[in-house]
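Here the working numbering = 1-based position in the sequence shown + 940.
Remarks on the structure that follows.
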Amino acid sequence: MKTYYTIPIFIPEKACPYRCIYCNQYKIVGCDSIIQPEEMKSLIDTYLSTIPSNACKTIAFFGGSFTGMPIEEQSRYLQVAYHYLSGGLVQRIQLSTRPDYISGPILDNLGKYGVKIVELGAQSLHDKVLDFIGRGHTVQQVETAAGMIRDHGFELGLQMMIGLPSDTPQGAMETAKKIIALKAQNTRIYPTLVIKNTCLETLYRQGKYIPLTLDEAVDLSAQIYALFDRNNVKVLRVGLHPSEGLLNGESLVAGPFHVSFKELVLTKIWKEKFLQIPENKQGRLLIKVSPQAINAAIGYGAENKKLLKTRFAEVQFVKDGQKENFEWNWQIEEI
Ligand code: SF4
């Protein structure tokens, strides 16, 4: 099975015209300077020295509004990435940006350097929410940019957030459905956190913003993740990358941060499936899942296995190489 590695190039808030009220990329990402194109080479070489040569490797520009930079500056970063792509040392280039920084000439330039995936921070597909959080663009702009990215032949990613101020769980579900309707091929789900030195911190301290609890964020993310999975939208990430500032609490004021947030979400998805199996306290329950899914199926801290043991005499999880993603089956043997 092919393994995938990402070589991340963080360019925090590079070219962001606005400061979204929840955002302090330097705190989220955990770095306090912007990498220059001429510094990329040693970073990429360091990553490559640790990655198996037969793996599929992606250079990914994160953390800002890549295409908001002057096109010459974009090209300076892309030239370095393209050097590795054209030499066969990496297989893909991807980047994230804002929907209002997409145009024909910009996409043509990205195509010239072999960019494969363009991700847009959509965050919400409700104008009321976008307005409140200071995104500085509209839903219409997301829709237009998404269409242009697809038409230019790029793989489209649309990232979303849950727990945003002025949003609701139902509103977040609607955003997910619109992301599917816009034919995104991949997505990321980020729970809103209150980060230090943001407008959201002020709102939180004034009692005007209440973040989701960890349980609420996990439940909602699980519903959204399962919806994306049923509609073949690949979920590339759930929860923020755990930077040092988030891990030691220095950057985090409040909100549903957990170092294993994705594992909690996957545990919840599997749990919902397993609860459909009729209880049988005399039976041995055998559950088959793919080798990649077995840890998540057993659950974070073996939560699902422990729960099932209260409903069955014995519980056994088995790896089945014929299965993928959330495919599974079960049987009960009398003992
Ligand atoms: S566009 Fe993205 S990086 Fe820029 S301020 Fe908003 S959330 Fe932060």
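Each residue gets a CB set at the ideal place from its N, CA and C atoms; glycine is no exception.
Between His1077 and Pro1105, is the Cβ-Cβ spacing less than 7 Å?
In this structure, the beta-carbon distance from His1077 to Pro1105 does not fall below 7 Å.
Gly1179: CB within 6 Å of a non-hydrogen atom of ligand 1
No, the beta carbon of Gly1179 sits no closer than 6 Å to any heavy atom of ligand 1.
Leaving aside the five residues before and after Tyr1041 along the sequence, list all residues of the same chain whose C-beta is less than 6 Å from its C-beta, in chain order.
Excluding sequence positions up to five before and after Tyr1041, its CB lies within less than 6 Å of the CB of Ser1005, Thr1007, Gly1008, all in the same chain and listed in chain order.
Apart from the five residues just before and just after Ala1157, which ones in its own chain have a Cβ nearer than 7 Å to its Cβ?
Once the five neighbours on either side are set aside, the close Cβ partners of Ala1157 are Ile1102, Gly1103, Pro1131, Pro1196.
Where Glu1267 and Ser1230 are concerned, what is the direct C-alpha to C-alpha distance, given to the nearest angstrom?
Going from the Cα of Glu1267 to the Cα of Ser1230 covers about 7 Å.
May I ask you to report which of helix, strand or coil DSSP gives Gln1163?
Reduced to three states, the DSSP call for Gln1163 is helix.
Quick check: the region 1047-1062 against the region 1088-1097, are there 3 or more CB pairs under 8 Å?
Contact between the region 1047-1062 and the region 1088-1097 is present, with at least three C-beta pairs closer than 8 Å.
Euclidean distance between Cα positions of Glu1264 and Ile1234:
Cα to Cα, Glu1264 sits roughly 11 Å from Ile1234.
Terminal residues of the alpha helix (DSSP H) in which Asn1049 lies:
Under the DSSP assignment, Asn1049 falls in the alpha helix (DSSP H) whose first and last residues are 1044-1052.
Would you mind working out which of Asn1220, Ala1237, Gln1222, Asp1067 sits nearest Lys1228, comparing C-alpha positions?
Considering only alpha carbons, the answer is Ala1237.
Taking all protein chains shown into account, decide if Gly1028 is buried (16 or more other Cβ within 10 angstroms of its Cβ) or exposed.
The residue in question, Gly1028, is exposed, as its Cβ has fewer than 16 Cβ neighbours within 10 Å.
At a cut of 8 Å, does the region 1195-1215 reach the region 1163-1183 through at least three beta carbon pairs?
A contact between stretches requires three or more CB pairs, one per stretch, nearer than 8 Å, and the region 1195-1215 meets this requirement with the region 1163-1183.
Closer than 8 Å by C-beta to Arg1090: which residues in its own chain qualify, once you throw out the five before and the five after it? Chain order, please.
Excluding positions up to five away in sequence, the list reads Leu1096, Lys1123.
Would the beta-carbon of Phe1252 fall within 7 Å of that of Asn1220?
Cβ atoms of Phe1252 and Asn1220: closer than 7 Å.
In angstroms, rounded to a whole number, what distance separates the CA positions of Thr998 and Ile1275?
Cα-Cα distance, rounded: 50 Å.
Val1178: first and last residue of the uninterrupted beta strand (DSSP E) it sits in
1174-1178 is the extent of the beta strand (DSSP E) around Val1178.
Give the DSSP-derived three-state secondary structure of Phe1072 in the structure shown.
In this structure, Phe1072 counts as helix in the three-state DSSP scheme.
Output yes or no for whether 7 Å exceeds the beta carbon distance between Ser1043 and Asp1107.
No, Cβ-Cβ distance for Ser1043 and Asp1107 is not below 7 Å.
Do you know how far the Cα of Gly1179 is from the Cα of Ala1021?
If I take the Cα positions, the gap works out to 27 Å.
Would you give the residue range spanned by the beta strand (DSSP E) that Val1193 belongs to?
In this chain, the beta strand (DSSP E) harbouring Val1193 covers 1192-1194.
Between Glu1083, Gln1019, Val1030, which lies nearest to Tyr944 when the distance is taken from Cα to Cα?
The candidate whose alpha carbon is nearest that of Tyr944 is Val1030.
Among Lys1117, Met980, Cys960, Tyr962, which residue has its Cα nearest to the Cα of Ile949?
Across the set Lys1117, Met980, Cys960, Tyr962, the C-alpha of Met980 shows the shortest separation from the C-alpha of Ile949.
Span of the alpha helix (DSSP H) around Pro1109:
Here the alpha helix (DSSP H) through Pro1109 covers 1109-1121.
Any heavy atom of ligand 1 within a distance shorter than 6 Å of the CB on Arg959?
Answer for Arg959: yes, Cβ within range of ligand 1.
Would you identify the three-state DSSP class for Met1088, choosing helix, strand or coil?
If DSSP states are grouped into helix, strand and coil, Met1088 belongs with the helices.
Relative to the C-alpha of Gly1054, which residue among Lys1068, Asn1244, Ile1033, Asp985 is closest?
For Gly1054, the nearest C-alpha among the options comes from Ile1033.
How would you write the range of the alpha helix (DSSP H) that Asn1235 sits in, first residue to last?
Asn1235: member of the alpha helix (DSSP H) spanning 1234-1238, first to last residue.
Go through its chain and collect everything with a Cβ distance to Leu1226's Cβ below 7 Å, but skip five positions before and after it.
Cβ neighbours of Leu1226 beyond the five flanking positions: Gln1256, Val1258, Trp1270, Gln1271, Glu1273.
What's the call for Pro1045, buried or exposed, on a 16-neighbour Cβ count within 10 Å?
In summary, Pro1045 is exposed, with fewer than 16 beta-carbon neighbours lying within 10 Å of its beta-carbon over all protein chains present.
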